[in-house]
Amino acid sequence: MIPEFLELVRRCNGNIVALTGAGISADSGIPTFRGKDGLWNKYRPEELATPQAFAKNPRLVWEWYAWRMEKVFSARPNPAHLALAIMERRGLLKAVITQNVDNLHERAGSRNVIHLHGRIDEMRCLGCGRIVKVAEPPKVVPPVCECGEMMRPNVVWFGEALPERELELAMSLCEENSVLVIGTSAVVYPAAYLPHHAKRNGNMVIEINPDVTPVTDIADLSVRERAGKFFEPLLPILEEEGFP
Numbered sequence: 013m014i015p016e017f018l019e020l021v022r023r024c025n026g027n028i029v030a031l032t033g034a035g036i037s038a039d040s041g042i043p044t045f046r047g048k049d050g051l052w053n054k055y056r057p058e059e060l061a062t063p064q065a066f067a068k069n070p071r072l073v074w075e076w077y078a079w080r081m082e083k084v085f086s087a088r089p090n091p092a093h094l095a096l097a098i099m100e101r102r103g104l105l106k107a108v109i110t111q112n113v114d115n116l117h118e119r120a121g122s123r124n125v126i127h128l129h130g131r132i133d134e135m136r137c138l139g140c141g142r143i144v145k146v147a148e149p150p151k152v153v154p155p156v157c158e159c160g161e162m163m164r165p166n167v168v169w170f171g172e173a174l175p176e177r178e179l180e181l182a183m184s185l186c187e188e189n190s191v192l193v194i195g196t197s198a199v200v201y202p203a204a205y206l207p208h209h210a211k212r213n214g215n216m217v218i219e220i221n222p223d224v225t226p227v228t229d230i231a232d233l234s235v236r237e238r239a240g241k242f243f244e245p246l247l248p249i250l251e252e253e254g255f256p
């Protein structure tokens with residue numbers, strides 16, 4: 013599949029964006045949400061990742077997010093994250109649109125990253141709206157803002173709208189560019205619509221996922237492989253002076 017992938021990348025001529033989901037970070041040791049070892053197999057989302065759950069038991073929600081933060085902050089970018097950063101640096105990729113909150117794309121070197129679901133390295137005050145960057149889990153949960161109000165993880169929960177600016181930018185990019193869909197189950201809307209939006213506007217769709225997804229039927233190329241494993245042998249090729 014590597015020659016076919018590289019040929020499609022060449023044909024895109026830099027007019028390509030990546031849409032990434034939890035699967036791209038699985039090889040970094042961060043559990044996916046819907047795989048056999050997924051987080052939602054152990055916890056129900058309505059218990060932990062909704063505004064209602066937070067209002068009912070903010071301490072429980074924060075304890076779970078503190079555990080997630082520990083996993084995320086100790087994780088390292090894998091070859092898939094690194095490959096996208098190389099592609100961007102070499103003018104082969106315009107942007108990364110991610111459903112992940114783990115900021116591994118930035119740590120790999122990607123600069124143009126659009127976060128559809130927020131960031132786990134930020135907290136937001138429920139009162140004044142202040143956003144605070146964090147490098148470790150809060151020592152006291154739930155944390156309290158300097159204004160006296162409680163803070164929440166700055167992520168998008170089930171039942172909440174995606175940030176308008178980021179969604180509009182993602183839609184515009186997918187309207188104008190081909191899309192490399194990596195490690196997403198493609199069932200969470202509106203992000204799941206983005207590959208279809210690209211296809212309807214005459215752009216190519218390339219999928220990399222160990223499982224068949226709703227994107228598979230519309231993909232110009234669908235690779236049944238984990239993202240980290242697929243991209244590892246591609247790293248030296250993407251770095252070659254003569255590529256593409």
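Per the working numbering, numbering of the sequence shown is gapless, rising by one per residue and ending at 256. Yeah, the Cβ is synthetic: ideal placement off N, Cα and C, and Gly gets one too.
Rounded straight-line distance, which links the Cα of Val224 to that of Ser197: 8 Å
At the level of alpha carbons, what is the spacing between Leu105 and Ile98? 9 Å
Backbone CA spacing between Gly35 and Lys68 [nearest angstrom]: 30 Å
Reference Gly160, options Val29, Arg142, Pro175, Glu148, closest by Cα: Gly160 has its Cα closest to that of Arg142, out of Val29, Arg142, Pro175, Glu148.
C-alpha gap between Ala107 and Pro63, whole angstroms: 30 Å
Using a Cβ-Cβ cut-off of 8 Å, state whether Gly160 counts as contacting chain C. Annotation note: the requested chain C is absent from the structure, which comprises a single protein chain.
Where Cys137 sits in the DSSP three-state scheme: strand
What are the boundary residues of the alpha helix (DSSP H) that includes His3? Nothing can be reported for residue 3, as the shown portion of the chain is limited to 13 through 256.
Is the number of C-beta pairs between the segment 82-90 and the segment 24-34 that are closer than 8 Å three or more? Short answer: they don't touch.
Answer with buried or exposed for Asn213, where buried requires no fewer than 16 other C-beta atoms within 10 angstroms of its C-beta. exposed
Which value, in whole angstroms, describes the spacing of the CA atoms of Glu253 and Val21? Between Glu253 and Val21, the C-alpha separation is close to 15 Å.
Can you name, in chain order, every residue of its own chain whose Cβ lies under 6 Å from the Cβ of Val144, other than the five neighbours on each side? Excluding sequence neighbours, Val144 sits near Met135.
Residue interval of the beta strand (DSSP E) (run including Arg164): 163-167
Taking only the alpha-carbon atoms, compute the straight-line gap between Val193 and Ala120 and give it to the nearest angstrom. 18 Å
Among Cys186, Leu179, Arg131, Glu178, which residue has its Cα nearest to the Cα of Glu164? Note on identity: in this sequence residue 164 is Arg, with Glu being the wrong assignment. The shortest C-alpha separation from Arg164 is found at Arg131.
Residues near Pro202 by beta carbon distance below 8 Å, same chain, minus five either side: Answer for Pro202: Leu174, Leu179, listed in chain order.
Taking Val168 as the reference, give the member of Tyr77, Leu250, Lys241 with the closest Cα. Comparing Cα-Cα distances from Val168 to each of Tyr77, Leu250, Lys241, the minimum goes to Tyr77.
May I have the straight-line CA-CA distance separating Arg123 from Cys186, to the nearest angstrom? 18 Å
Using three-state DSSP, classify His127 as helix, strand or coil. Three-state result, His127: strand.
Let's test the definition: count the other Cβ atoms within 10 Å of the Cβ of Met216 and tell me whether it reaches 16, buried, or not, exposed. Here Met216 is buried, its C-beta having at least 16 other C-beta atoms within 10 Å.
Could you tell me the distance, in whole angstroms, from the CA atom of Leu60 to the CA atom of Leu138? 17 Å
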